[in-house]
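**Student:**
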Amino acid sequence: MSKTNPGNFFEDFTVGQVIRHATPRTVTEGDRAVYGSLYPTRFAVPSSAVFAASVGLDPHPVEELVAFHIAFGKTVPDVSLNAVANLGYAECRFHQPVVPGDTLSTTSEVIGLKQNSNGKSGVVYVRSTATNQRGEVALDWARWVMVHKRDAAAPAPETVVPELAPTVAAADLVIPAGLDFSDYDFAAAGEPHRFGDYEVGEKIDHVDGVTLTESEHQQATRLWQNTAKVHFNVEARPDGNRLIYGGHVISMARALSFNGLANAQLVAAINAGAHTAPAFAGDTVYAWSEVLDKAETSAPGVGALRLRLVATKGRDESMTLRGDDGKYAAGVLLDLDYWVLVPR
Amino acid sequence: MSKTNPGNFFEDFTVGQVIRHATPRTVTEGDRAVYGSLYPTRFAVPSSAVFAASVGLDPHPVEELVAFHIAFGKTVPDVSLNAVANLGYAECRFHQPVVPGDTLSTTSEVIGLKQNSNGKSGVVYVRSTATNQRGEVALDWARWVMVHKRDAAAPAPETVVPELAPTVAAADLVIPAGLDFSDYDFAAAGEPHRFGDYEVGEKIDHVDGVTLTESEHQQATRLWQNTAKVHFNVEARPDGNRLIYGGHVISMARALSFNGLANAQLVAAINAGAHTAPAFAGDTVYAWSEVLDKAETSAPGVGALRLRLVATKGRDESMTLRGDDGKYAAGVLLDLDYWVLVPR
Amino acid sequence: MSKTNPGNFFEDFTVGQVIRHATPRTVTEGDRAVYGSLYPTRFAVPSSAVFAASVGLDPHPVEELVAFHIAFGKTVPDVSLNAVANLGYAECRFHQPVVPGDTLSTTSEVIGLKQNSNGKSGVVYVRSTATNQRGEVALDWARWVMVHKRDAAAPAPETVVPELAPTVAAADLVIPAGLDFSDYDFAAAGEPHRFGDYEVGEKIDHVDGVTLTESEHQQATRLWQNTAKVHFNVEARPDGNRLIYGGHVISMARALSFNGLANAQLVAAINAGAHTAPAFAGDTVYAWSEVLDKAETSAPGVGALRLRLVATKGRDESMTLRGDDGKYAAGVLLDLDYWVLVPR
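Residue numbers (this note's numbering), protein chains in the order written: chain Y, 1 to 344; chain V, 1 to 344; chain H, 1 to 344.
(1) Is the Cβ of tyrosine 338(V) closer than 8 Å to any Cβ of chain H?
(2) Could you tell me how far apart the beta carbons of alanine 268(V) and valine 145(V) are, in whole angstroms, since I believe they sit closer than 8 Å?
(3) How about threonine 103(H) and proline 24(H): are their beta carbons less than 8 Å apart?
(4) Based on the DSSP secondary-structure assignment, which residues constitute the bridge partners of methionine 146(Y)?
(5) Specify, as a first and last residue, the run of the alpha helix (DSSP H) that threonine 107(V) falls within.
(6) From tyrosine 306(Y) to tyrosine 338(Y), what distance separates their C-alpha atoms?
(7) Mind checking which residues open and close the beta strand (DSSP E) that includes threonine 276(Y)?
(8) So threonine 4(H) packs on histidine 206(V), CB below 8 Å; how close in whole Å?
(9) Could you give the uninterrupted runs of the beta strand (DSSP E) lying entirely in the segment 247–324 of chain Y, keeping only those of 3 residues or more?
(10) Identify whether glutamate 214(V) lies in helix, strand or coil by the three-state DSSP scheme.
(11) Between the alpha carbons of arginine 237(V) and lysine 229(V), how many angstroms are there, rounded?
(12) Would you kindly work out how many angstroms separate the C-alpha atoms of valine 332(Y) and alanine 277(Y), rounded to a whole number?
(13) Classify leucine 65(Y) as helix, strand or coil using the three-state DSSP reduction.
(14) Would you mind working out which of Val27(H), Ile244(H), Phe232(H) sits nearest valine 98(H), comparing C-alpha positions?
(15) Determine the extent of the alpha helix (DSSP H) in which aspartate 172(V) is found, giving its start and end residues.
(16) Measure the Cβ-Cβ separation of threonine 213(H) and serine 117(Y) and say whether it is below 8 Å.
(17) Less than 8 Å between CB atoms is the rule here; does lysine 229(Y) satisfy it with respect to chain H?
(18) Could one say the Cβ of threonine 26(H) lies closer than 8 Å to chain Y's Cβ atoms, at least one of them?
(19) With 8 Å as the threshold, decide whether the Cβ of glutamine 17(V) is near any Cβ in chain Y.
(20) By the criterion of Cβ-Cβ separation under 9 Å, what are the contact partners of isoleucine 204(H) in chain Y?
(21) With leucine 87(H) and valine 126(H) assumed to form a contact (beta carbons below 8 Å), what rounded beta-carbon distance in angstroms separates them?
(22) Mind listing the chain H neighbours of alanine 279(V)? Cutoff is C-beta to C-beta under 9 Å, in chain order.
(23) Using a Cβ-Cβ cutoff of 7 Å, what residues of the segment 30–43 of chain Y are near chain H? List them in chain order.
(24) According to DSSP, aspartate 140(H) sits in a beta bridge with which residue or residues?
(25) Which partner residues does proline 343(V) have in the DSSP bridge list?
(26) Is serine 105(Y) buried or exposed, if buried means 16 or more other CB atoms sit within 10 Å of its CB?
(27) Kindly indicate which three-state DSSP category tyrosine 328(H) falls into: helix, strand or coil?
(28) Give me, in chain order, the residues of the same chain whose beta-carbon lies closer than 8 Å to that of glutamate 29(Y); leave out the 5 immediate sequence neighbours on both sides.
(29) Please indicate yes or no: does the CB of phenylalanine 10(V) lie closer than 7 Å to some heavy atom of the ligand COA?
(30) For chain H, is any of its Cβ atoms less than 8 Å away from the one on tyrosine 234(V)?
(31) Who are leucine 334(H)'s beta bridge partners in DSSP?
(32) Across which residues does DSSP place lysine 203(V) in a beta bridge pair?
(33) Mind reading off the beta-carbon distance from asparagine 259(Y) to histidine 193(Y)? Whole number of angstroms is fine, and I expect it under 8 Å.
(34) With valine 99(H) as the anchor, note down where its beta strand (DSSP E) starts and where it stops.
(35) What in chain V is Cβ-close to alanine 22(H), meaning under 8 Å?
(36) Less than 8 Å between the C-beta atoms of threonine 159(H) and lysine 114(H), yes or no?
Shown next as structure tokens:
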């Protein structure tokens, strides 16, 4: 019998099944540096241990997306090795800052299954939880993917579609213990805009663009131990292109959003996310944001903004999400709905 | 009103103005590793904590250019986002070693302004100072850049051209506290050549060449949080090329100079620097050096060499800086005048 | 006289000569992160400090190949700068885990010389030893390279060909102090296969492939301070290609072998290695393994597998090492014979 991992097919999943993913991964200061070489990130909290300590975060956290990518990467060999498509995310919350020295492990529970009418594939819903070396939850999220069946003749499971919140309620956001923006240093952070300066419905063109390269997206994706073949192997797709990991586009867009959202220091939750078109090396990625909601929090000086972060191939100064037909506009790569914490 | 940073234009600067730059940045061991993956550096002090401690430097410093690039990168969004050209550096001194854990912040003072005769741009002179988390100066330097005017009709400011020293005087070099080359291990450092072996006027062909790639220069430039668009975006220049950050060429040439200058362990000052031609991915960079001056120092066993470091596109075994017309020879990319500390 | 390093030629070596190589190098957590961005490695011991401690390894070791590449890189400027070909390795043993903070230095002794019949080159045999900051041996190995003569008329030295073991005997493997696989967590490690599940003669197709890029192999090779020109300079070879450092292929194949050998946590020895064809950017590398031998060890729960690790350009599902003519099959890049430690 083969010793290599064929991945799970649709009929290998059952509702209630718990999968403990390999391999635990220790976060280091090296990850911060490599991340900083791959994305133009400048948010003051992850950039400066002194700034982070001044707002109550000591030891010095890494970006939430570092933790997200590591935790997510663990699930790939078991959940999405035979995926046709990554359909969505929901209910992703960051429960505490991740700091160098933390070791993350991920477990997933299958919370839903729905075979497609063609009988060749189905949708698998999982809730994944990443814990640290103390057994505390670092982050959790739900995700659904379309997965091939090994055998089209295998019987369909009972359909279970979980109820997932369209957005994390502001009251459910976890504010890091000790976070205090009362003495926030706006000059050090790079922009004067605070909670009160952002209006629901406001759109922000982040202006800057980055042209993607093969080496950079491969290095990023490997850093997260994400093993999906299509990202690394020109022989894995008929067109000979290496498909760029969707998370690379998320991190690039988040970093680009500094220009206009420099005070969006912490990501508190990801409400929803769609990778609406593939990205390849040579594409030039831009980003724009829309303020979807606002909420106060109980932490001193801390407000929450719910944002839509859109990555586009080529700059779209009109910031158009969808065409008249309701479909995503040409060039839209990513539509991410998330909560950030900003100074009030 | 737009929330994104348009950068400052010539008429936004006034002599005496002080700009506190975002965002503070903590240096880590990760930076040392990424730097070592991007440049072929082998100087024993930054390579080995044991070697560094043996010459009195404990904790283990990173290369001076790591500190320079980080400190310099901070100034870009405020000083040179609308720059036409980076005209020169002067009076750059390294005041103390920077070690992992240090957090650098940069402040600039406008020390001169001179509108160009065409009325469309002007030269801005700034003195920038990078301080660490204890408020101590890590390095400082002067720089002048040509910056666009927003409005050609804006009145010209009074012309103020600062007096800048053509070179840092040997007596003004700051020798790191505790530095002692008395028991210097030449075998470990890689070459036998000491202070007395270098003659003023001597030229050294560093022999080795490196072909530049897009990914590597982008990663380097991002690591320093340098956001200038032309380095990352093929849509930012009419020719569709990504211009390589001049500092990438400085670091590459400095690393290549190991072959012949292995004992030039520490950079004490940068007297002047000119980026004389653009560099692009695919160019193969070589370097040669000329000994411009020599000085003893008060530290045990420590001498100072003033060197000209020249980077060229393609190897020039003749080591020609300028043609008969007095202009830089074809292929010269960088002309850097700096002081290094070597064992006597 | 030139100050740059011309490298040693065949007639510069004498049997018994000891060469202390520059430059000592401190290993950091940054190296682990950069390594993880360059290779798809997921072995639980180097990935997780918690997992490593659970099997008795605390502080957290880096991969043995990180230590190997660093130690090996030191020898290049003195031993193989003028090499025609890297002919082989033998008797490489890892004497203790290398951890962040360790500083490695390498010394080589010339143990054999054999001039080629053409009189233009000869084979140099060296035994190299890398020691840490406590003077303890971290690893050692023998290696032989074909080196140019500077002057074909120079007299041939007496021929001395050292006796080198075809393989490190199982009894001579050094098991890291404290290593204990009694409570090994197979789920965390990623696969259920243990010592008893592997049969001598068994072959494992590791399935996954990675397309190589210029930036990545250059970054890897630089990280090890390996200065051989052919890896970095398109002007160094008539065909204008940058030859990929053989060690890059070793690390890539080792990382790919996770899929089927996830429990091959530690490399204990390298018995032999041959780089059978050059690799270039654009090649897609796959790997397969063959179990050559098995041995129990005195450490609790620890067995040893002797493996052949073969890297190929393009996937060869037939896993053919040699053709009917006895020569390496087309596409074979690497034939590496090594010992790993696995749970029993």
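The beta-carbon is built from N, C-alpha and C at its ideal position, and this holds for glycine as well.
**Tutor:** The short version:
(1) Reading the second sequence from its first residue, position 338 is the one you call residue 338(V). Not an interface residue.
(2) The residue you call residue 268(V) lines up with position 268 of the second sequence. The residue you call residue 145(V) lines up with position 145 of the second sequence. At roughly 24 Å, the Cβ-Cβ gap does not stay under 8 Å, so alanine 268(V) and valine 145(V) are not in contact.
(3) As a working mapping, residue 103(H) is identified with position 103 in the third sequence. As a working mapping, residue 24(H) is identified with position 24 in the third sequence. It is a contact, given that the beta carbons lie within the stated cut-off.
(4) In the first sequence, the residue the question calls residue 146(Y) occupies position 146. DSSP output for methionine 146(Y) lists Ala85(Y), Val123(Y) as bridge partner(s).
(5) Locating residue 107(V) in the second sequence gives position 107, where the first residue counts as 1. No alpha helix (DSSP H) contains threonine 107(V), which is instead part of the beta strand (DSSP E) from 103–115.
(6) Counting from one through the first sequence, the residue named residue 306(Y) turns up at place 306. Counting from one through the first sequence, the residue named residue 338(Y) turns up at place 338. First, the amino acid is wrong: residue 306(Y) is arginine here, not tyrosine. A straight-line Cα-Cα distance of about 6 Å links arginine 306(Y) and tyrosine 338(Y).
(7) On the first sequence, residue 276(Y) is found 276 positions in, with the first residue counted as 1. Per DSSP, threonine 276(Y) lies in no beta strand (DSSP E) segment and is marked neither H nor E.
(8) As a position in the third sequence, residue 4(H) is number 4, starting the count at 1. As a position in the second sequence, residue 206(V) is number 206, starting the count at 1. Confirmed, Cβ separation roughly 7 Å.
(9) Listed in chain order, they are 266–275, 284–296, 302–313.
(10) As a first step, residue 214(V) must be located in the second sequence, where it is residue number 214. In this structure, glutamate 214(V) counts as helix in the three-state DSSP scheme.
(11) Taking the second sequence and counting its residues from 1, the one referred to as residue 237(V) is at position 237. Taking the second sequence and counting its residues from 1, the one referred to as residue 229(V) is at position 229. One Cα belongs to arginine 237(V), the other to lysine 229(V), and the distance between them is close to 9 Å.
(12) Numbered from its first residue, the first sequence carries residue 332(Y) at position 332. Numbered from its first residue, the first sequence carries residue 277(Y) at position 277. So the alpha carbons of these two residues sit roughly 7 Å apart.
(13) Start at 1 with the first residue of the first sequence, and residue 65(Y) comes out as number 65. If DSSP states are grouped into helix, strand and coil, leucine 65(Y) belongs with the helices.
(14) On the third sequence, position 98 is the one that residue 98(H) refers to. For valine 98(H), the closest C-alpha among the options Val27(H), Ile244(H), Phe232(H) is that of Val27(H).
(15) Numbered from 1 along the second sequence, position 172 holds the residue referred to as residue 172(V). That residue, aspartate 172(V), is in no alpha helix (DSSP H); it is neither H nor E in DSSP.
(16) On the third sequence, position 213 is the one that residue 213(H) refers to. On the first sequence, position 117 is the one that residue 117(Y) refers to. Between threonine 213(H) and serine 117(Y), the C-beta spacing is not below 8 Å.
(17) Looking up residue 229(Y) in the first sequence gives position 229. Residue-level contact by beta carbon holds for lysine 229(Y) and chain H, with a gap shorter than 8 Å.
(18) Here residue 26(H) corresponds to residue number 26 of the third sequence, with the count starting at 1. At a cut-off of 8 Å between C-beta atoms, threonine 26(H) does not count as an interface residue with respect to chain Y.
(19) Walking along the second sequence from the start, residue 17(V) turns up at place 17. No, glutamine 17(V) lies away from the interface with chain Y (no Cβ there is under 8 Å from its Cβ).
(20) The sequence position of residue 204(H) within the third sequence is 204, counting from 1. Per Cβ cutoff of 9 Å: Ser2, Lys3, Thr4.
(21) If you number the third sequence from 1, residue 87(H) lands on position 87. If you number the third sequence from 1, residue 126(H) lands on position 126. Not really, about 12 Å apart at Cβ, beyond 8 Å.
(22) For the purposes of this step, residue 279(V) is taken as residue 279 along the second sequence, with counting starting at 1. Correct list: empty, because the minimum Cβ distance to chain H is about 15 Å.
(23) Listed in sequence order: Gly30, Asp31, Ala33, Val34.
(24) Along the third sequence, one-based indexing puts residue 140(H) at 140. Looking at the DSSP assignment, aspartate 140(H) forms a beta bridge with Arg93(H), Thr129(H).
(25) Looking up residue 343(V) in the second sequence gives position 343. DSSP, once it has assigned bridges, lists Val302(V) as partnering proline 343(V).
(26) Here residue 105(Y) corresponds to residue number 105 of the first sequence, with the count starting at 1. Under the 10 Å beta carbon count, serine 105(Y) is surrounded by 16 or more other beta carbons and is classified as buried.
(27) As a position in the third sequence, residue 328(H) is number 328, starting the count at 1. In this structure, tyrosine 328(H) counts as strand in the three-state DSSP scheme.
(28) For the purposes of this step, residue 29(Y) is taken as the residue at position 29 of the first sequence. Pro100, listed in sequence order.
(29) The ligand COA is not part of this structure, which contains no ligands at all.
(30) Position 234 of the second sequence, counting from 1, holds the residue named residue 234(V). First, the residue type needs correcting, since residue 234(V) is valine and not tyrosine in the sequence shown. By the rule that beta-carbons nearer than 8 Å mark a contact, valine 234(V) does not touch chain H.
(31) What you label residue 334(H) is simply residue 334 of the third sequence in a count that begins at 1. For leucine 334(H), which the question treats as bridged, DSSP gives the partners His275(H), Ala311(H).
(32) Residue mapping note: residue 203(V) aligns to position 203 of the second sequence, counting from 1. For lysine 203(V), which the question treats as bridged, DSSP gives the partners Glu290(V).
(33) Here residue 259(Y) is taken as the residue at index 259 of the first sequence, counted from 1. Here residue 193(Y) is taken as the residue at index 193 of the first sequence, counted from 1. Between asparagine 259(Y) and histidine 193(Y), the beta carbon gap of about 11 Å keeps them out of contact (Cβ cut-off 8 Å).
(34) Within the third sequence, numbered from 1, the residue matching residue 99(H) stands at position 99. Segment: none, valine 99(H) is in no beta strand (DSSP E) and carries neither H nor E.
(35) On the third sequence, position 22 is the one that residue 22(H) refers to. Contact annotation for alanine 22(H) against chain V: Arg42, Ala44, Ala187, Ala188, Ala189, Gly190, Glu191, Ala262 [CB-CB distance below 8 Å, chain order].
(36) As a working mapping, residue 159(H) is identified with position 159 in the third sequence. As a working mapping, residue 114(H) is identified with position 114 in the third sequence. It is a contact, given that the beta carbons lie within the stated cut-off.
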